[in-house]
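K.L.:
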Amino acid sequence: KQEVTQIPAALSVPEGENLVLNCSFTDSAIYNLQWFRQDPGKGLTSLLLIQSSQREQTSGRLNASLDKSSGRSTLYIAASQPGDSATYLCAVESGGSYIPTFGRGTSLIVHP
Amino acid sequence: KAGVTQTPRYLIKTRGQQVTLSCSPISGHRSVSWYQQTPGQGLQFLFEYFSETQRNKGNFPGRFSGRQFSNSRSEMNVSTLELGDSALYLCASSLGGGGGTEAFFGQGTRLTVV
Chain X
81 KQEVTQIPAA
91 LSVPEGENLV
101 LNCSFTDSAI
111 YNLQWFRQDP
121 GKGLTSLLLI
131 QSSQREQTSG
141 RLNASLDKSS
151 GRSTLYIAAS
161 QPGDSATYLC
171 AVESGGSYIP
181 TFGRGTSLIV
191 HP
Chain L
41 KAGVTQTPRY
51 LIKTRGQQVT
61 LSCSPISGHR
71 SVSWYQQTPG
81 QGLQFLFEYF
91 SETQRNKGNF
101 PGRFSGRQFS
111 NSRSEMNVST
121 LELGDSALYL
131 CASSLGGGGG
141 TEAFFGQGTR
151 LTVV
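So the sequence lines, in the order shown, correspond to chains X and L. Using my numbering, you'd call the opening residue of the first sequence number 81 and step up by one each time. Using my numbering, you'd call the opening residue of the second sequence number 41 and step up by one each time.
1. Would you mind working out which of X:Tyr111, X:Phe116 and X:Gly96 sits nearest glutamine 86 (chain X), comparing C-alpha positions?
2. Does serine 86 (chain L) get closer than 8 Å to chain X when you measure Cβ to Cβ?
3. Identify whether leucine 51 (chain L) lies in helix, strand or coil by the three-state DSSP scheme.
4. On a Cα-Cα basis, can you pick out the residue from X:Ile179, X:Ser104, X:Pro94 and X:Pro88 that is closest to aspartate 164 (chain X)?
5. Show which residues of chain X have a CB atom less than 8 Å away from the CB atom of glycine 70 (chain L).
6. Under 8 Å, do glutamine 130 (chain L) and glutamine 77 (chain L) count as touching if we go by C-beta distance?
7. At a CB-CB cut-off below 9 Å, which residues of chain X make contact with alanine 143 (chain L)?
8. Which residues does DSSP pair with arginine 117 (chain X) in a beta bridge?
9. Please tell me whether arginine 107 (chain L) has its Cβ less than 8 Å away from any Cβ of chain X.
10. If serine 64 (chain L) sits next to glycine 136 (chain L), beta carbons under 8 Å apart, how far is it from one beta carbon to the other, in whole angstroms?
11. Count the other C-beta atoms from every protein chain shown that fall within 10 angstroms of the C-beta of asparagine 98 (chain X), then say buried if there are 16 or more, exposed otherwise.
12. Rounding to the nearest angstrom, what Cα-Cα distance links leucine 113 (chain X) and glutamate 173 (chain X) in this structure?
13. For arginine 184 (chain X), would you say it is in contact with chain L, using Cβ-to-Cβ distances shorter than 8 Å as the test?
14. By Cβ distance, which residues of its chain are closer than 7 Å to asparagine 143 (chain X), with the 5 residues on each side in sequence left out?
15. Give me the Cβ distance between phenylalanine 87 (chain L) and glutamine 94 (chain L), rounded to the nearest whole Å; I'm assuming they're in contact under 8 Å.
16. For proline 79 (chain L), which of helix, strand or coil comes out of DSSP?
17. Distance check for serine 149 (chain X) and alanine 90 (chain X), CA to CA, integer angstroms please.
18. Out of curiosity, what's the CA-to-CA distance linking proline 48 (chain L) and arginine 113 (chain L)?
19. Mind checking leucine 123 (chain L): buried by the 16 CB within 10 Å criterion, or exposed?
20. Name the chain X residues whose beta carbon is nearer than 8 Å to that of asparagine 96 (chain L)?
21. Using a Cβ-Cβ distance under 8 Å, would glycine 121 (chain X) count as near chain L?
22. Does any residue of chain X have a CB that is nearer than 8 Å to the CB of phenylalanine 80 (chain L)?
23. Please report the distance separating the alpha-carbon of leucine 151 (chain L) from that of alanine 132 (chain L).
24. Ordered along the chain, which non-local residues of its own chain (more than five positions away) have a Cβ less than 7 Å from that of glutamate 142 (chain L)?
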């Protein structure tokens, strides 16, 4: 059974810092890994999708990498801004079903 | 194009009642999944429908049920509501043809059971 862990659970940083959020998974037989952002009480917004054959994806100030062999992904946020404050979740879609397994998320606060 | 639409956004129900939530996926998407999100348990998978058939099911009691219509719109129903059913219910849509497709979420329905 796939298990997904996100570290740290919470993070508070000053504006302008570069950040790394971590996601690890136990079963390396994955189809893809997706990073989401969730604002309080709202739905999830897709940030980046990395297919199993890819090593990284970039969108603006965000860069996500995937290392299947070690069961890890990182989300890099460059030059953080207060508007980046949210919970970031990673989800792994594994072989055998089309259902992603979610981590518990990293709650990020970027203060001015 | 329009995103995933969930209605209603907020609901307050009494214990013992039943409730129906609706999800309209992105046009062309055939897979709809439902999740329950609570502070204590995080995001938990309820079930997934693809082309009107339930393809996957999570570990929830039979009080939780769903269906999908020919236009891919989906509904989930919770009968005999309990206080513990209070949660944010999210639906996600994807092309769903196989592994590796991107999932898009709606804004959720906040259900409060009193």
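Glycine is no exception: its CB is placed at the ideal position from the N, C-alpha and C atoms.
P.N.:
Reading it off the structure:
1. X:Phe116
2. Here the sequence assigns leucine to residue 86 (chain L), which means serine is not the residue at that position. Not closer than 8 Å to any Cβ of chain X, the Cβ of leucine 86 (chain L) fails to qualify, so no.
3. strand
4. Here the closest residue by C-alpha is X:Pro94.
5. Glycine is not the amino acid found at residue 70 (chain L); the sequence shown has arginine there. Ordered by position in chain X, no residue passes the 8 Å Cβ test against arginine 70 (chain L), which lies about 11 Å from the chain.
6. The sequence as given places leucine at residue 130 (chain L); glutamine does not occur at that position. Going by C-beta atoms, leucine 130 (chain L) is nearer than 8 Å to glutamine 77 (chain L).
7. Going along chain X in sequence order, the residues near alanine 143 (chain L) (Cβ under 9 Å) are Gln114, Phe116, Leu124, Ser126, Leu129, Ala171, Glu173 and Pro180.
8. X:Thr125 and X:Tyr168
9. no
10. No, serine 64 (chain L) and glycine 136 (chain L) are not in contact; Cβ-Cβ is about 15 Å, not under 8 Å.
11. That one is exposed.
12. About 6 Å.
13. Using a Cβ-Cβ cut-off of 8 Å, arginine 184 (chain X) counts as an interface residue toward chain L, since at least one Cβ of chain L sits closer than that to its own.
14. Glu136 and Tyr156
15. Phenylalanine 87 (chain L) to glutamine 94 (chain L), Cβ: 6 Å. Contact.
16. coil
17. 26 Å
18. 14 Å
19. exposed
20. Ser177, Tyr178 and Ile179
21. yes
22. Before going on, a small fix: residue 80 (chain L) reads as glycine here, not phenylalanine. Chain X contact via Cβ: absent.
23. 17 Å
24. Ser134
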